[in-house]
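Only one structure is covered here, and it is reproduced in the block below.
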Amino acid sequence: MPNLARDLIIAKLEKALEDARAQQRMPLETMPAVEVERPTKPENGDFATSLPLRLARSTRVAPMEIARTLTELMPVDEVVERVWAAPPGFVNFNLRQEWLQGQVLEIIQAGESYGAIKAKNPQKIMVEFVSVNPTGPIHVGHTRGAVLGSVLASILEAAGHSVTREYYLNDAGTQMDLFYASVYARYMEALGRDAQLPAGGYQGDYVIELARQVLDQEGERYASLEREEALKLLGDTARERMVNLIREDLLRLGVDFHVWFQESLLYESGEYRETLDLLGEGGHLAHREGALWFTSAALGDDRDNVVVRSSGAPTYFASDMAYHHNKFVKRGFDKVINIWGADHQGHVSRLKAAVGAMGVDPERLDVIIAQMVTLKRGREVVKASKRSGDFVTLRELVDEVGPDACRYFFLARAPGTQMDFDLKLAAKESSENPVYYIQYAHARIAGVLAKAKEQDIDWAKADVSLLVDAHELNLIRKMLQLPELLEKIAATQEPHHLPHYALELATAFHWFYENCRVLSSDPADRGQTLARLKLLEAAQLVLARTLGLMGMTAPARM
RNA sequence: GCGCCCGUAGCUCAACGGAUAGAGCGCUGGGCUUCGGACCCAGAGGUUGCAGGUUCGAAUCCUGUCGGGCGCGCCA
Numbered sequence: 189m190p191n192l193a194r195d196l197i198i199a200k201l202e203k204a205l206e207d208a209r210a211q212q213r214m215p216l217e218t219m220p221a222v223e224v225e226r227p228t229k230p231e232n233g234d235f236a237t238s239l240p241l242r243l244a245r246s247t248r249v250a251p252m253e254i255a256r257t258l259t260e261l262m263p264v265d266e267v268v269e270r271v272w273a274a275p276p277g278f279v280n281f282n283l284r285q286e287w288l289q290g291q292v293l294e295i296i297q298a299g300e301s302y303g304a305i306k307a308k309n310p311q312k313i314m315v316e317f318v319s320v321n322p323t324g325p326i327h328v329g330h331t332r333g334a335v336l337g338s339v340l341a342s343i344l345e346a347a348g349h350s351v352t353r354e355y356y357l358n359d360a361g362t363q364m365d366l367f368y369a370s371v372y373a374r375y376m377e378a379l380g381r382d383a384q385l386p387a388g389g390y391q392g393d394y395v396i397e398l399a400r401q402v403l404d405q406e407g408e409r410y411a412s413l414e415r416e417e418a419l420k421l422l423g424d425t426a427r428e429r430m431v432n433l434i435r436e437d438l439l440r441l442g443v444d445f446h447v448w449f450q451e452s453l454l455y456e457s458g459e460y461r462e463t464l465d466l467l468g469e470g471g472h473l474a475h476r477e478g479a480l481w482f483t484s485a486a487l488g489d490d491r492d493n494v495v496v497r498s499s500g501a502p503t504y505f506a507s508d509m510a511y512h513h514n515k516f517v518k519r520g521f522d523k524v525i526n527i528w529g530a531d532h533q534g535h536v537s538r539l540k541a542a543v544g545a546m547g548v549d550p551e552r553l554d555v556i557i558a559q560m561v562t563l564k565r566g567r568e569v570v571k572a573s574k575r576s577g578d579f580v581t582l583r584e585l586v587d588e589v590g591p592d593a594c595r596y597f598f599l600a601r602a603p604g605t606q607m608d609f610d611l612k613l614a615a616k617e618s619s620e621n622p623v624y625y626i627q628y629a630h631a632r633i634a635g636v637l638a639k640a641k642e643q644d645i646d647w648a649k650a651d652v653s654l655l656v657d658a659h660e661l662n663l664i665r666k667m668l669q670l671p672e673l674l675e676k677i678a679a680t681q682e683p684h685h686l687p688h689y690a691l692e693l694a695t696a697f698h699w700f701y702e703n704c705r706v707l708s709s710d711p712a713d714r715g716q717t718l719a720r721l722k723l724l725e726a727a728q729l730v731l732a733r734t735l736g737l738m739g740m741t742a743p744a745r746m
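Heads up, the final residue of the first sequence is numbered 746 in the numbering used here, and it's a clean run with no missing numbers.
In structure tokens, the structure reads:
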């Protein structure tokens, strides 16, 4: 891809500023950062900058005068057709029609890589997400983070970074022990033995099913073992089965990982020990009340945190520190993005403190907190609690709503806002969901292109300069926004803009389709037909690309 | 009590400190003899919770306040 129009305009502005200073037409002490925006109103141009308004104070020059000076210093070229000053102090830019037309060919040439950007500083990035304990199936609350993480990872890749998608598997620790004991109790129960769920054990029906499944497939062998031995061996199989279930459920949603990182490895490899030693040497650990503490209060956190309990068992936080040591120091990620639920929000500061104490710049760790999802059936709130067993699983959700709608729905909301998910509504309205509106645009294009092929129309040599209708140019303009958008999302880590863009793109297409007939039997329209087929080919590509980045299907028929 | 997040149209949500705060759903009224009507067009609907402040300009930043969510364990 050539440079983005936006970047060309920024370069133009920067040059104009330098010229203005050199010619002493503007008293600039330092060069300001140049930013351009896309005006909401088309009459305000394809691009605009409010630079004159920002510079008015420091230069003590009237905004409109600055705007006019800059305008004079920016001649039109092959990309920009018109530059003008607009009150109260904007400079607006319009793109040249010929350039827009040419972009159709550029998009087709870029093909499936359209929108991909060469990052100015490509980074090795890890996105760690979901990471639910394998003590039960994934439920609705985790789905948001799953979608968010997978799409963010795709977009970061498109923006030129090298991305690892990782699931942190907590296969050690007290919750797992509790889970094993719960499965064991259900297993014995299934054999008719007297068994009691441990205090605070996992009560969900899935534990009963799991135990029964093990019994069916592996027999009674665990019952004859010593309890401790049985817990270990039965635990192993139960955990594996649970992890597989989680993996399958996520795959149904279209979420996949490069790495399933086992917590237990941190202990086996000695990295846990190594991390503690490192922190100890730095003076960040203290023995107190029989336990070992990370002295995070001294680093600005609200309080110190226990790393090793008085029982000698490490806390979850201890392994998390070792895990992040592994991410940054052992594996050398430039940036790590963790996606957590709102209930983990209190852990951000202490983990950042720990990362800093390891000698890693805490800025390299980003934690995105996805706020709670309230699940509803109509007006009724559905409680989701894994231990009480009363929850809706990801699998049930995907079965009911479908993966595409599910992804779109979770993706379209900014992570920081709490959201309601009405199961009833989602299922009922699925045929009028924006998802279908977007996919329908893709299917419509596929239909026209297929028809053109049936008629042996070859549009390879179409003349794009015939694309002069406002609807056509509008569609091209919209297609050209994708690369900028991806760059922005990669920088702000807010993928929710993508579904909104997809909707706008689909609207631009439907509007075009309504107003511009593509296939015409009139020989006089031949040139226009070919050009429009070319445009559709590009539009289909951009739609498919956008849907693909969201992990959604781009159907040729619906 | 302290900390983090969120209050925008009837509902679900957008809006990079910028120009008249926008979409979808729902509601009202229109639109195909031709490529897929799962479409298009128009309209109604807003004191951006409230009050101050900063700024040429605030839904956005700051302070306070009201309302909601989540945290504040030798659980994860």
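Each residue gets a CB set at the ideal place from its N, CA and C atoms; glycine is no exception.
Could you spell out where the beta strand (DSSP E) holding residue i opens and where it closes?
| i | result |
| --- | --- |
| F281 | F278 to L283 |
| V339 | Here V339 belongs to no beta strand (DSSP E); instead the alpha helix (DSSP H) covers V328 to A346. |
| L553 | L553 to A558 |
| G529 | K523 to G529 |
At what residues does the alpha helix (DSSP H) containing residue i begin and finish?
| i | result |
| --- | --- |
| N703 | H685 to N703 |
| S370 | T362 to A378 |
| S709 | Taken as a continuous stretch (DSSP letters only), S709 belongs to no alpha helix (DSSP H), as it is neither H nor E. |
| R538 | V536 to A545 |
Reducing DSSP to helix, strand and coil, say where residue i ends up.
| i | result |
| --- | --- |
| G478 | coil |
| M667 | helix |
| T463 | helix |
| G736 | helix |
| K641 | helix |
| I305 | coil |
| M189 | The pLDDT assigned to M189 is 44, lower than 50, so where the model puts this residue is not dependable; a value taken from the coordinates is nonetheless given after this. DSSP places M189 in coil when its eight states are reduced to three. |
| D587 | helix |
| S350 | strand |
| Q450 | strand |
| T741 | coil |
| Y596 | helix |
| E158 | The requested residue 158 is not part of the displayed model; the chain covers only 189 to 746. |
| K649 | coil |
| M314 | strand |
| S576 | Residue confidence for S576 is low, a pLDDT of 49 falling below 50, so the modelled location carries little weight and cannot support an answer. |
| T503 | coil |
| V495 | strand |
| Y355 | strand |
Using alpha carbons as the reference points, say which of the options lies closest to residue i.
| i | options | result |
| --- | --- | --- |
| L729 | R720, A742 and A719 | A742 |
| A614 | Q681, L585 and L357 | L585 |
| W647 | A383, V320, Q211 and A726 | A726 |
| K612 | V636, P622, V569 and L654 | V569 |
| F449 | C704, V431, I197 and R461 | V431 |
| V395 | R497, M376, T362 and E354 | M376 |
| S246 | T237, T218, S238 and E269 | T218 |
| A236 | R226, P230 and R242 | R226 |
| N309 | G324, N232, H349 and H685 | H349 |
| P215 | L201, I198, R248 and S301 | R248 |
| E620 | A650, V589, R601 and Q643 | V589 |
| M364 | V320, D404, R381 and Q405 | V320 |
| L290 | A650, H659, Y689 and R745 | One detail in the question is off: residue 290 reads as Gly in this sequence, not Leu. Of the candidates A650, H659, Y689 and R745, the one whose C-alpha sits nearest the C-alpha of G290 is A650. |
| V543 | L563, A530 and V517 | V517 |
Closer than 8 Å by C-beta to residue i: which residues in its own chain qualify, once you throw out the five before and the five after it? Chain order, please.
| i | result |
| --- | --- |
| T331 | L441, V561, L582, L585, C594 and F598 |
| S576 | With a pLDDT of 49 at S576, under the threshold of 50, the modelled position of this residue cannot be trusted, and the question is left open. |
| R429 | L398, Q401 and V402 |
Find out if the Cβ-Cβ distance for the pair residue i, residue j is shorter than 8 Å.
| i | j | result |
| --- | --- | --- |
| H512 | L480 | no |
| N514 | L473 | no |
| L673 | L686 | yes |
| I557 | F317 | no |
| I626 | A732 | no |
| F281 | V292 | no |
| L283 | A193 | yes |
| F610 | K564 | Before going on, a small fix: residue 610 reads as Asp here, not Phe. Yes, Cβ-Cβ distance for D610 and K564 is below 8 Å. |
For residue i, which residues from the same chain have a beta carbon less than 6 Å from its beta carbon, with the 5 sequence-adjacent residues on both sides left out?
| i | result |
| --- | --- |
| L344 | I313, V351 and A678 |
| R720 | V706 |
| L487 | A541 |
| R353 | V315, A341, F445 and H446 |
| A199 | none |
| L439 | none |
Taking 7 Å as the limit between beta carbons, can you name the residues of its chain near residue i, skipping five residues before and five after?
| i | result |
| --- | --- |
| D522 | Q311, K312, I313 and R552 |
| A347 | I305, A307, L674, E675 and A678 |
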